[in-house]
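Below: the structure, in structure tokens.
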Amino acid sequence: MKKPKTRRPKGLPTKDELVRFLRDAGETEKSDIARAFGLKGEDRRALRDMLRELEGEGKLGKRGRKGFSEAGALPPTGVADVVERDADGDLYVRLVKAGSDAPLARLAPDRNEKAAGAPGLGDRLLVRFERVGDAVEARLIKKLGQSAHRILGVIRKSKREIRVEPVDRKAKDVLLISEHEARDRDLKDGDIVLAELAGRPTRYGPKPGRILEVVGREDQPRAASLIAVHSHGLPTGFSEAAEAEAAAAQPPTLKGREDLRKIPLITIDPADARDHDDAVYAEPDDDPKNKGGWIVWVAIADVAAYVRVGSALDREAKDKGNSTYFPDRVEPMLPHALSSNLCSLREGEDRACLAVRMVFDKQGKKTGHTFVRGLMRSAAKVSYEQAQAAIDGQPDDTTGPILDPILKPLWAAYRTMLVGRERRSPLAIETLERKIKLNEAGEVVSIEPRRSLEAHRLIEEMMIQANVSAAETLEQKKSPLIYRVHDAPSQEKIFNLADFLGTIGLRWNKGEPPKTARFNELLDQTRDGPHGDIVNEVVLRTQMQAIYSPDNVGHFGLNLDRYAHFTSPIRRYADLIVHRGLIRALGLGSDGLTDKEISQLEAISEHIVMTERRSMAAERDANDRYVAAFLADRTGAMFTGRITGVTRFGLFVRLDETGADGLVPVRDLGDEFFIHDDRAHALVGQRTGKRWTLGRMVDVRLLEATPITGGLLFEMISEPAPADPNAPRPRLGVRDRAGPPRGKHRPGGPKPGKAGAKKGKRR
């Protein structure tokens, strides 16, 4: 009897097609392969059999965490060393874990290859591997080891020599520049330069260097952000291709969109905001089954309509990952023609949007939501301060006409949502932010606390609920996405917290699982007491950092099971990915998430985590330099502050007036050795038991402010707290010992005895 032919599933690839797919997609799960070829149900068995056959033939690599890959293929991302440079100057990397037999991959050139963060021979990198034709290229995600041969610094001239002193406070190397090169380049004292190691370094003293680029002057008012951009390797500006694409973008029409222009959505932003990417509106729900409930609309600029996958705009937005904000400037993720025009929800102008209509019951619980791709027209542009003043009884010409029809319903809806928020009990850590104000010349004129208004919290809660809705919809549609995840504190962090609380007479059961409600109970218990600030600080340090990931672990701080960034696609690439995911999942257009992007979500997540950290570090460094410049003419002045860091080498103090952070070196704390008690976050005098503890209010004198590095050095005026008779003396370990070097004494304080001064006798 003739054996019946087996039906070949429609869409099942040939073996060669499957290998080519894996070559392009990288390591891929079986379910993603089946989805890519449209295989369902029983047809997936044939795919499984084919994968087994290819494994047996040695055409597939060892099965990894993410599934199948072509034999010999490199992973999507990995740690690699820069091992070669060819005659054309191209760098080549080799995967570390694969050993010396691993294939080399060309490191794709970066548009900012002259930046201080550019890699060099010997550097260790986190890279993303991509196939380009028949070759594989590596694209830099993050430098893991700093290159010792390239620094950003300032020219310092003296009669004897010309040096490059690094702008990084942690950097140790000083480079020596030849008089010949300084003359040829017309180097001046105070020039900010990018330099590299040149020739063989001497055993002692400065190393020889050469100048790669003069990037500015230290006396420029905006030098702080300039240094931050270069020292962190931030991509700046846009290519001609990207600018041309942005300039060619057209105003939106109703084609493929729902008309939302009758809904009086408004934007509420900072007074100095240049772009407006979200708008809100609320009204009572007229459904009799939801008495006391509310309808809340959140509309977000439809950036995906203008930034198409594979375009120059898309490549450069992904490269930047996010916008970076300095006191004097913004380095935007998108060109001005989009970020401040077509993708900005301007008052009275038609704008493309992706909007979510959310329904809340009278207990503040979200009972449903719907996404639409629409055309909106903002009814008003108001600042947080204007909106708050209107609600508080002081409307102006802008807010007066919208107070009753728009603002009051928004506040009523928010207060209903607040019931649900309080039931959810997100983490209630208090933080104080400050705003650096500059004059037209770029000089700091004031540093002021940012006011926390109810208007801020209203917008925040509505954005949070819109983000939750995006994550829920994509999960319901079984669509891959990039989550914003915030893991629960590790067991080690919880143990450290419990140990610290024990030192101030508070209990925390080390065995209980971390919950936001328990943290909030602790914060409420201590908020108005003597330990309130230190407990708030330690609880903050106990938390993990939020990241982007295609794998969901929930958001601990917000106490949410699923959360994705949806509300700021103008300034965050993660939000653009979520928008594309919604467009694809809901069938809202042809410009949704692509199969290739889905296969690269892990690499994209790692990249945008890196760009977020890079921007945060650059913003922090620039702020430190602006603050140091602001305080430079107040050397010798006394300030009140709080101890925010306790280390073996000294105390970090944050000033109340400006929020500036500076160091009191341990050598200046007195004439005895101090032991670093990390359990109690304290420095404890070895002889007297006197203590310097985290969170304590102190008076300090400013000894030194260095604008070029952002460094502040303080002298302690306050006296240490008396010894705690109930606290056990910490054990002295090699790493714990701190104190003044031999023969040194605190400036202005008592000098050590004669024997101690001559012989450095330990006390």
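Residue 120 in the working numbering sits at position 116 of the sequence shown; the count goes up by one each step and never skips. Heads up, the beta-carbon is just placed ideally off N, CA and C, and yes, glycines get one too.
Practice task
Please determine, among 301, 172, 288 and 671, the residue with the shortest C-alpha to C-alpha distance to residue 234.
Solution key: Measuring C-alpha to C-alpha distances from residue 234 to each of 301, 172, 288 and 671 identifies 172 as the nearest.
Problem - Beta-carbon contacts of residue 265 that lie in its chain and below 8 angstroms, excluding the five residues immediately before and after - result: 354, 379, 380 and 381.
Handout entry: Rounded separation between residue 470 and residue 417 - CA only
Key = Answer to the nearest angstrom: the Cα atoms are 14 angstroms apart.
Problem - Where the alpha helix (DSSP H) containing residue 235 begins and where it ends - result: Start and end: 227-235.
Handout entry: Contact set for residue 572: own chain, Cβ-Cβ below 7 angstroms, skip 5 residues either direction
Key = These residues qualify, in order along the chain: 281 and 579.
Handout entry: Start and end residues, alpha helix (DSSP H) containing residue 586
Key = Where residue 586 is concerned, the enclosing alpha helix (DSSP H) starts and stops at 577-589.
Problem - Rounded C-alpha distance that separates residue 694 from residue 430 - result: Between residue 694 and residue 430, the C-alpha separation is close to 38 angstroms.
Exercise for the section: Provide the residue span of the beta strand (DSSP E) that contains residue 453, from first to last. Expected result: Unbroken beta strand (DSSP E) run through residue 453: 448-453.
Handout entry: Distance between residue 725 and residue 427 (C-alpha atoms, nearest Å)
Key = Rounded to the nearest whole angstrom, the C-alpha separation of residue 427 and residue 725 is 41 angstroms.
Practice task
Buried or exposed for residue 136, please, with buried defined as at least 16 other CB atoms from any protein chain shown within 10 angstroms of its CB.
Solution key: Around the beta carbon of residue 136, a 10 Å sphere encloses fewer than 16 other beta carbons of the protein chains shown; the residue is thus reported as exposed.
Problem - Three-state secondary structure assigned by DSSP to residue 298 - result: The three-state reading of DSSP puts residue 298 in strand, counting E and B together.
Handout entry: Coil, strand or helix - residue 109 by DSSP
Key = In the structure shown, residue 109 sits in a strand (DSSP, three-state: E or B).
Exercise for the section: For residue 437, count neighbouring Cβ atoms within 10 angstroms of its own Cβ and tell me buried if that reaches 16, exposed if not. Expected result: In summary, residue 437 is exposed, with fewer than 16 beta-carbon neighbours lying within 10 Å of its beta-carbon over all protein chains present.
Handout entry: Backbone CA spacing between residue 558 and residue 515 [nearest angstrom]
Key = Taking the straight line joining both Cα atoms gives about 21 angstroms.
Exercise for the section: Go to residue 460, then tell me how far its alpha helix (DSSP H) extends in each direction, as first and last residue. Expected result: Where residue 460 is concerned, the enclosing alpha helix (DSSP H) stretches over 458-480.
Exercise for the section: Evaluate contact between the region 233-252 and the region 382-399, counting only Cβ atoms and requiring at least three cross-stretch pairs below 8 angstroms. Expected result: The region 233-252 makes no contact with the region 382-399: fewer than 3 CB pairs, one atom from each, lie closer than 8 angstroms.
Exercise for the section: Within 10 angstroms of the Cβ of residue 690, are there 16 or more other Cβ atoms? Answer buried if so, exposed if not. Expected result: Residue 690 is buried by the Cβ-count criterion.
Exercise for the section: Note down, in chain order, each residue of its chain lying with its Cβ closer than 8 angstroms to the Cβ of residue 108, except the 5 sequence neighbours on either side. Expected result: Excluding sequence neighbours, residue 108 sits near 87, 88, 96, 97 and 98.
Handout entry: Where the alpha helix (DSSP H) through residue 614 begins and ends
Key = Counted as a single uninterrupted DSSP element, the alpha helix (DSSP H) harbouring residue 614 occupies residues 605-635.
Handout entry: Top-ranked residue by Cα proximity to residue 675, from 100, 688, 36 and 262
Key = Minimum Cα distance to residue 675 is reached at 688.
Handout entry: Exposure of residue 15, with buried meaning 16 or more beta-carbon neighbours within 10 Å
Key = Its Cβ having fewer than 16 others within 10 Å, residue 15 is exposed.
Handout entry: Inter-stretch contact (C-beta, 8 angstroms, three-pair minimum) for the region 639-652 and the region 696-707
Key = The region 639-652 is in contact with the region 696-707.
Practice task
Would you list, in sequence order, the uninterrupted alpha helix (DSSP H) runs of no fewer than 4 residues that lie entirely inside the region 491-521?
Solution key: Entirely contained in the region 491-521, the alpha helix (DSSP H) runs reaching 4 residues are, in chain order, 495-507.
Exercise for the section: Compute the Euclidean distance between the alpha carbons of residue 53 and residue 488, then round it to the nearest angstrom. Expected result: A straight line joining the alpha-carbon of residue 53 with that of residue 488 spans about 37 angstroms.
Problem - Same chain, Cβ closer than 6 angstroms to residue 499, five either side skipped, listed in chain order - result: Excluding its 5 nearest sequence neighbours in each direction, residue 499 has C-beta neighbours in its own chain below 6 angstroms: 514, listed in chain order.
Practice task
Determine the contact status of residue 132 and residue 81, defining contact as a CB-CB distance below 7 angstroms.
Solution key: Their beta carbons are under 7 angstroms apart, which means residue 132 touches residue 81 by this criterion.
Exercise for the section: Under the assumption that residue 364 contacts residue 307 (Cβ atoms under 8 angstroms), give the Cβ distance between them as a whole number of angstroms. Expected result: The pair is not a contact, with the Cβ atoms about 27 angstroms apart (cut-off 8 angstroms).
Exercise for the section: Locate the alpha helix (DSSP H) running through residue 199, then write down its first and last residues. Expected result: Run containing residue 199: none in the alpha helix (DSSP H); it sits in the beta strand (DSSP E), 195-201.
Practice task
Leaving out five residues on either side along the sequence, give the residues of the same chain with a beta carbon under 8 angstroms from the beta carbon of residue 465.
Solution key: If the five residues before and after residue 465 are omitted, its C-beta is found closer than 8 angstroms to the C-beta atoms of 418, 421, 422 and 425, all from its own chain and listed in chain order.
Practice task
Return the CA-CA distance between residue 2 and residue 519, expressed in angstroms with no decimal places.
Solution key: The question about residue 2 has no answer here: the residues shown for the chain are numbered 5 through 767.
Exercise for the section: Would you identify the three-state DSSP class for residue 173, choosing helix, strand or coil? Expected result: DSSP places residue 173 outside both helix and strand once states are collapsed to three, so it counts as coil.
Exercise for the section: Output the distance between the C-alpha atoms of residue 179 and residue 165, rounded to the nearest integer angstrom. Expected result: A direct Cα-Cα distance of roughly 11 angstroms separates residue 179 from residue 165.
Problem - Contact set for residue 490: own chain, Cβ-Cβ below 6 angstroms, skip 5 residues either direction - result: Close CB contacts of residue 490 within its chain, under the 6 angstroms cut and outside five residues either way in sequence, are with 550, 559, 560 and 561 (chain order).
Exercise for the section: Can you tell me which of the three DSSP states residue 242 falls into? Expected result: Three-state result, residue 242: coil.
Practice task
Might you give, ordered along the chain, the residues of its own chain that have their beta carbon closer than 6 angstroms to the beta carbon of residue 776, omitting 5 neighbours on each side?
Solution key: No answer is possible for residue 776: it lies beyond the span of the chain, which begins at 5 and ends at 767.
Exercise for the section: Can you tell me which of 361, 237 and 328 puts its alpha carbon nearest to the alpha carbon of residue 298? Expected result: Proximity to residue 298 across 361, 237 and 328 peaks at 361, based on C-alpha coordinates.
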